[in-house]
Each structure stands twice: as structure tokens, then as C-alpha cells.
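Engineer: FYI, in our numbering the residues of the sequence shown are 456 to 867. Yeah, the Cβ is synthetic: ideal placement off N, Cα and C, and Gly gets one too. What you are looking at is a predicted structure, and each value in this text was computed from that prediction instead of being measured. First the structure, which I've put down as C-alpha cells, then a few questions once you've had a look.
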Amino acid sequence: MHDILADEYIFYQSVFEKAEKVASYYGFQPIQTTILEKTELFTAGVGAATDIVEKQMYSFRTKGGDHLSLRPEMTASIMRAYLEHGMHTLPQPVMLWQKGPCFRHENPQKGRTREFQQFDMEIIGEPKPIAEVIIIQVLKSIFEELGLSIIVHINSIGDKECRPAYRKELIGYYRRKINNLCPDCKRRLKENPLRLLDCKEEKCLELKAGAPQMANYLCSSCKQHFREVLEALDSADIFYVLDNHLVRGLDYYSRTVFEIFENEGSGDALAGGGRYDYLAKTLSKKDFPAMGVAIGVDRLVQLMRDKKILPKQKKQPKVFLIQLGNAAKYKSLEIIEMFRKAHLPLNQSISKDSLRGQLNLASKLDMAYALILGQQEVLKDLIILRDMRSGNQETINLRDLVEVIKKKIAYD
Ligand code: AMP
Numbered sequence: 456m457h458d459i460l461a462d463e464y465i466f467y468q469s470v471f472e473k474a475e476k477v478a479s480y481y482g483f484q485p486i487q488t489t490i491l492e493k494t495e496l497f498t499a500g501v502g503a504a505t506d507i508v509e510k511q512m513y514s515f516r517t518k519g520g521d522h523l524s525l526r527p528e529m530t531a532s533i534m535r536a537y538l539e540h541g542m543h544t545l546p547q548p549v550m551l552w553q554k555g556p557c558f559r560h561e562n563p564q565k566g567r568t569r570e571f572q573q574f575d576m577e578i579i580g581e582p583k584p585i586a587e588v589i590i591i592q593v594l595k596s597i598f599e600e601l602g603l604s605i606i607v608h609i610n611s612i613g614d615k616e617c618r619p620a621y622r623k624e625l626i627g628y629y630r631r632k633i634n635n636l637c638p639d640c641k642r643r644l645k646e647n648p649l650r651l652l653d654c655k656e657e658k659c660l661e662l663k664a665g666a667p668q669m670a671n672y673l674c675s676s677c678k679q680h681f682r683e684v685l686e687a688l689d690s691a692d693i694f695y696v697l698d699n700h701l702v703r704g705l706d707y708y709s710r711t712v713f714e715i716f717e718n719e720g721s722g723d724a725l726a727g728g729g730r731y732d733y734l735a736k737t738l739s740k741k742d743f744p745a746m747g748v749a750i751g752v753d754r755l756v757q758l759m760r761d762k763k764i765l766p767k768q769k770k771q772p773k774v775f776l777i778q779l780g781n782a783a784k785y786k787s788l789e790i791i792e793m794f795r796k797a798h799l800p801l802n803q804s805i806s807k808d809s810l811r812g813q814l815n816l817a818s819k820l821d822m823a824y825a826l827i828l829g830q831q832e833v834l835k836d837l838i839i840l841r842d843m844r845s846g847n848q849e850t851i852n853l854r855d856l857v858e859v860i861k862k863k864i865a866y867d
């Protein structure tokens with residue numbers, strides 16, 4: 456877990472602002488679900504035999520005896536909220552975005568932390584491929600706005616009609632190789648065989664290359680669905696590669712699964728998602744087909760920093776407010792407020808006392824003007840305006856201050 460300081464925060468802010476803006480254009484509405492959830496939401500929703508639930512959740516028992524977890528991902532929470540608040544009675548689909556932290560007890564390494572920020576989008580109540588296409592189009596636009604081009608790794612993992620036959624074939628294949636599997640995969644073979652394709656151990660990766668591919672087992676409706684998704688990506692000029700062994704680490708996915716990578720890079724996935732037509736039924740006994748994605752914002756910020764893509768800076772202050780004495784300190788708050796209401800950025804250091812210290816700071820920050828407020832000026836509602844380059848000073852009336860500054864700055 457790590458703290459985000461000011462110079463890094465502007466990157467996060469820029470990603471979130473861009474993502475919110477693009478998502479809103481496409482009709483996504485904000486939602487903010489709780490960070491703590493009942494543990495059973497994730498054991499049922501994400502799947503008891505997934506790495507996330509088995510190994511990575513921060514779970515605890517409260518004094519009242521409840522079993523709670525810090526959310527390891529957002530989809531299950533958003534579906535819970537959709538069901539709990541009767542959003543199925545609204546016009547469908549319901550399109551939602553959410554931002555904030557998720558928590559997984561993973562081995563910390565580059566691009567992988569235990570607290571990480573996601574920007575998540577979900578389309579609930581839409582069975583057709585248009586949901587996939589909207590989500591991927593929105594992602595493309597967000598990344599483009601940030602100066603990055605993407606490539607989509609995509610696969611279909613079928614549905615409850617066709618996946619059992621594939622599962623059987625996969626189990627058969629790996630049983631024949633059982634002696635070469637890592638201990639985790641030996642267990643996965645019994646509990647969750649699709650997860651074998653997710654293993655990052657070298658020897659398991661070698662075996663994966665020869666494993667059966669879901670594409671050869673898709674039923675006709677899954678095939679048709681996947682074909683439509685790919686055709687729509689083609690016509691939207693979105694680059695993709697078919698990744699026949701992509702399954703992703705959560706149980707709720709059906710049909711389309713995908714991950715987003717930077718087009719030129721070879722780094723970690725920047726986002727991942729897919730269709731989850733059965734999640735609602737797991738939680739509520741009702742069927743609501745859905746599709747979603749989560750962007751890994753920390754990875755995106757790191758990539759922007761590596762590529763020196765700087766977020767657009769907000770208007771930088773050109774004026775520094777200096778106060779001398781207690782009365783001036785309090786009067787400063789009024790002046791800061793005057794500037795805030797006029798949308799003029801202002802720098803100051805309320806805790807500093809000496810004129811020299813404050814002037815030094817103003818020139819270190821390369822300010823064009825300093826405003827000097829002493830005891831005398833406070834009494835007479837005046838203020839001294841100092842041009843930091845020439846050193847010239849003039850005394851002006853406080854009520855004219857904002858207008859004078861606006862003119863001066865417009866001149867610069
Ligand atoms: P997931 O929720 O596993 O589908 O992940 C979606 C995206 O979140 C991934 O593509 C990553 O960019 C990001 N992500 C997932 N886990 C972590 C983590 N532990 N640290 C940083 N980013 C993560």
C-alpha cells in the first residue's frame with residue numbers, strides 16, 4: 456500500500472477526470488458502493504476457489520460476529536447494489552461507473568500493490584454484444600485522451616451450455632501431465648480447472664501452450680455472439696488479438712473476456728473485464744446479463760510517468776500574499792477568499808512571519824507579484840502590490856485589488 460503525494464496525485468486526478476468525462480458521454484452514471492462488504496458476497500460472486508478469495512482477501516470478523524472483507528474488486532459490489540436498490544426496475548441497461556481503492560493481499564511488485572485504485576464501468580441488463588463494444592470503445596477513448604493507444608487481448612470462454620465439454624477436455628489434458636504441474640495447479644485441477652490457464656509458473660506456462668482451446672468448443676450462440684463482438688471491433692478500428700487461453704482470475708465471467716495493453720509496450724494489463732451473465736443469479740436467483748471492466752489506475756499513472764506524459768497543469772498562481780503581524784494574518788483569510796471567488800489562483804504561507812522569509816519564498820516560486828499586508832494596511836483597508844521583477848511597489852485599495860490583479864495578469 457502506498458500514500459499518494461501531491462506531485463503524483465495530479466496524474467490520478469487527470470486519469471479519473473478523463474475517465475469520468477468520457478464515461479458520462481456514453482451514458483454511464485456514477486455510483487459509490489461501500490468499501491467493506493460481507494465476505495460471502497465475494498465467496499459466492501467471485502468464487503470460493505479463486506486466488507482472490509482463497510488467498511488475497513483482507514477479511515475479518517467484527518465484534519458483532521459479522522464476516523466482512525475489504526473489497527478486492529468492484530463488480531460484485533456493484534451488482535449487489537443494483538439488486539439491493541431495485542435498479543432492474545429502471546430502463547435497461549443500467550450503466551454505472553465507480554472509482555476508488557480495492558485491496559488484495561498479493562506479493563507486492565512493480566504494477567502490483569495491496570491497495571490499488573480502479574476506475575470501473577459496468578453495463579447491467581444487456582445481453583447483446585453492443586455492451587462489449589461500448590465498454591471497449593469507451594476504454595479506447597479514455598486511453599486516447601491520455602495519449603495512449605491500446606490493444607485488446609480477447610477470448611470467449613463460452614457459457615453453461617458449451618463450457619462443460621471444454622472443461623472435461625481440459626481436465627483430461629492436464630491429468631495426463633499432472634506430474635509436471637506446480638502444487639497450486641494440482642489443486643486447481645480438482646477445484647477450478649480453468650484457472651490452470653492463469654498460472655504464471657514457467658512449467659505450467661509451457662503446458663498451457665498445448666492445452667485445448669475454448670474456441671473449438673463454443674456452441675453456435677456463443678460463436679455468433681463472439682463473431683459479432685469482433686466484427687464491431689473491426690468496424691470501430693480497434694486493434695485486438697485473439698488470446699485463446701485468456702480466462703481471467705474470477706469465476707463470474709461468461710462468453711467474452713478481455714484485457715487491455717498498451718499498443719507499443721510489453722507491460723502488465725492496464726485493464727481487464729468481461730461479460731458476467733450469471734453473477735446476478737448467483738446473488739439473487741434472478742438473471743441479469745451484464746458486462747464490465749476495471750482500469751488499473753496505478754499502472755496507468757506509472758505508464759504515463761514512464762512515458763513522460765504530463766497531465767495538463769491547472770492555472771498556476773502568479774501572485775504571492777505576504778502578511779506581517781497577527782491582524783494581517785487574519786485579514787489574509789479574507790483576501791484568499793476574495794481570490795477564490797474570483798477564480799484567481801494565489802500562493803501564500805500563512806505560517807511564516809518575516810517579510811524576508813516570505814519574499815524569498817515568493818521569488819523561489821517565481822511569482823510575478825507579491826501582495827504585502829502589514830498592520831497599517833489592515834487598519835486602512837489597503838495593500839501593497841510589489842512587482843517582483845522590477846521591485847516597484849504601489850499601494851492600492853483592497854476593494855480594487857481583484858480588478859487590478861486581473862488587469863496586471865492579463866498584461867503579462
Ligand atoms: P481485475 O480486477 O483483476 O480484473 O484487474 C483489473 C485491472 O486492475 C488489472 O488489469 C490491473 O491493471 C489492475 N490491478 C489488479 N490487481 C492489481 C494490483 N494488485 N495492483 C495494481 N493494479 C492491479
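When the Cα of serine 469 is compared with those of Val549, Gly602 and Ala499, which residue comes out closest?
Structural biologist: When only C-alpha atoms are compared, the closest one is Gly602.
Engineer: Taking the beta carbon of valine 696 as the centre, do at least 16 other beta carbons fall within 10 Å, making it buried, or is it exposed?
Structural biologist: Under this definition valine 696 is an exposed residue.
Engineer: Pull up the distance between the alpha-carbon of lysine 769 and that of serine 676, whole angstroms please.
Structural biologist: C-alpha separation (whole angstroms): 50 Å.
Engineer: On the premise that alanine 745 lies in contact with isoleucine 612, defined as a C-beta separation below 8 Å, what is that separation, rounded to the nearest angstrom?
Structural biologist: With 8 Å as the limit, isoleucine 612 and alanine 745 do not qualify as a contact, their Cβ atoms being about 15 Å apart.
Engineer: Could you check whether proline 527 and glutamine 511 sit closer than 9 Å to each other, using their CB atoms as the reference points?
Structural biologist: Cβ atoms of glutamine 511 and proline 527: closer than 9 Å.
Engineer: Can you find at least 3 beta carbon pairs, one from the segment 480 to 500 and one from the segment 716 to 725, that sit closer than 8 Å?
Structural biologist: With the cut-off at 8 Å, the segment 480 to 500 and the segment 716 to 725 do not touch.
Engineer: Any heavy atom of the ligand AMP inside 8 Å of the beta-carbon of aspartate 753?
Structural biologist: Indeed, a heavy atom of the ligand AMP lies less than 8 Å from the Cβ.
Engineer: Using 8 Å as the cut-off, can you tell me whether the segment 772 to 786 makes contact with the segment 744 to 761, which would need three or more C-beta pairs spanning the two stretches below that distance?
Structural biologist: Output reads no: the segment 744 to 761 does not touch the segment 772 to 786.
Engineer: Report buried or exposed for serine 532, applying the criterion of at least 16 other Cβ atoms within 10 angstroms of its Cβ.
Structural biologist: Classification of serine 532: buried, given that the 10 Å Cβ count is 16 or more.
Engineer: Counting Cβ pairs closer than 8 Å, one from the segment 586 to 606 and one from the segment 683 to 701, do we hit at least three?
Structural biologist: Yes, the segment 586 to 606 touches the segment 683 to 701.
Engineer: Here's the rule I'm using: 16 or more other beta-carbon atoms within 10 Å means buried, otherwise exposed. How should valine 507 be labelled?
Structural biologist: What sits at residue 507 in the sequence shown is isoleucine, not valine. Looking at its Cβ environment, which holds 16 or more other Cβ atoms inside 10 Å, isoleucine 507 is buried.
Engineer: If you draw a straight line from the C-alpha of serine 514 to the C-alpha of alanine 749, how long is it?
Structural biologist: Roughly 22 Å separates the two Cα atoms.
Engineer: In the segment 779 to 847, which residue ranges form an unbroken beta strand (DSSP E) of at least 3 residues, counting only runs that do not cross its ends?
Structural biologist: Runs of the beta strand (DSSP E) inside the segment 779 to 847: 824 to 828 and 837 to 842.
Engineer: For glutamine 768, which three-state DSSP category applies?
Structural biologist: It is coil, neither helix nor strand.
Engineer: Does any heavy atom of the ligand AMP sit closer than 8 Å to the C-beta of threonine 498?
Structural biologist: No, the Cβ of threonine 498 stays beyond 8 Å of every heavy atom of the ligand AMP.
Engineer: Taking only the alpha-carbon atoms, compute the straight-line gap between tyrosine 537 and arginine 703 and give it to the nearest angstrom.
Structural biologist: Straight-line Cα distance between these residues: approximately 23 Å.
Engineer: Give the DSSP bridge partners of lysine 554, in chain order.
Structural biologist: Answer is Phe574, bridged to lysine 554.
Engineer: Given 8 Å as the limit, is there contact between the segment 667 to 675 and the segment 633 to 646, that is, 3 or more CB pairs closer than that?
Structural biologist: Result no; under three Cβ-Cβ pairs closer than 8 Å.
Engineer: Under 8 Å, with one C-beta from each stretch per pair, do the segment 826 to 843 and the segment 779 to 788 reach the 3-pair mark?
Structural biologist: Yes, they touch.
Engineer: Helix or strand or just coil, what does DSSP make of arginine 516?
Structural biologist: In the structure shown, arginine 516 sits in a strand (DSSP, three-state: E or B).
Engineer: Between the alpha carbons of arginine 851 and alanine 797, how many angstroms are there, rounded?
Structural biologist: At residue 851 the sequence reads isoleucine, which differs from the arginine that was named. Using only the alpha carbons, I get a separation of about 18 Å.
Engineer: Can you give me the Cβ contacts of leucine 828 inside the same chain, cut-off strictly under 8 Å, excluding the 5 residues immediately before and after it?
Structural biologist: Within the same chain, leucine 828 has close Cβ partners Leu776, Ile777, Gln778, Leu779, Ala783, Lys786, Ser787, Ile790, Ile838 and Ile839.
Engineer: If we call anything under 9 Å between Cβ atoms a contact, is glutamate 463 one with valine 756?
Structural biologist: Against a cut-off of 9 Å, the Cβ pair of valine 756 and glutamate 463 comes out as a contact.
Engineer: Pick out whichever of Phe681, Tyr731 and His560 has its Cα sitting closest to the Cα of arginine 569.
Structural biologist: The residue with the shortest Cα to Cα distance from arginine 569 is His560.
Engineer: Return yes when at least one heavy atom of the ligand AMP lies under 8 Å from the C-beta of glutamine 553, else no.
Structural biologist: For the ligand AMP, not one heavy atom lies less than 8 Å from the Cβ of glutamine 553.
Engineer: Is any heavy atom in the ligand FAD found nearer than 8 Å to the beta carbon of isoleucine 790?
Structural biologist: Summarising the ligand content, the structure contains the ligand AMP and does not contain the ligand FAD.
Engineer: From the DSSP output, which residues share a beta bridge with valine 549?
Structural biologist: DSSP, once it has assigned bridges, lists Ile579 as partnering valine 549.
Engineer: Which residues in the same chain as phenylalanine 471 place their Cβ atom closer than 6 Å to its Cβ, once the five residues preceding and following it in sequence are excluded?
Structural biologist: The residues are Lys554.
Engineer: Under three-state DSSP, which class holds glutamine 468?
Structural biologist: Glutamine 468 falls in the helix class under three-state DSSP.
Engineer: Classify isoleucine 750 as helix, strand or coil using the three-state DSSP reduction.
Structural biologist: Reduced to three states, the DSSP call for isoleucine 750 is strand.
Engineer: Could you check how far apart the C-beta atoms of arginine 710 and arginine 682 are, in whole angstroms? I think they sit under 8 Å.
Structural biologist: Rounded, the Cβ-Cβ distance is 12 Å, inconsistent with contact.
Engineer: 9 Å is my cut-off, CB to CB: does arginine 516 come that close to chain C?
Structural biologist: The structure shown contains no chain C; it holds only a single protein chain.
Engineer: Using DSSP with H/G/I as helix, E/B as strand and the rest coil, what is tyrosine 672?
Structural biologist: Three-state DSSP puts tyrosine 672 in coil, outside helix and strand.
Engineer: Excluding the five sequence neighbours on either side, which residues of its own chain have a C-beta within less than 8 Å of the C-beta of lysine 741, listed in chain order?
Structural biologist: Counting only Cβ-Cβ distances below 8 Å, and skipping sequence neighbours, we find Leu538, His543 and Ala735.
Engineer: So leucine 697 is in the beta strand (DSSP E); what residue range does that whole segment cover?
Structural biologist: Run containing leucine 697: 695 to 697, per the beta strand (DSSP E) assignment.
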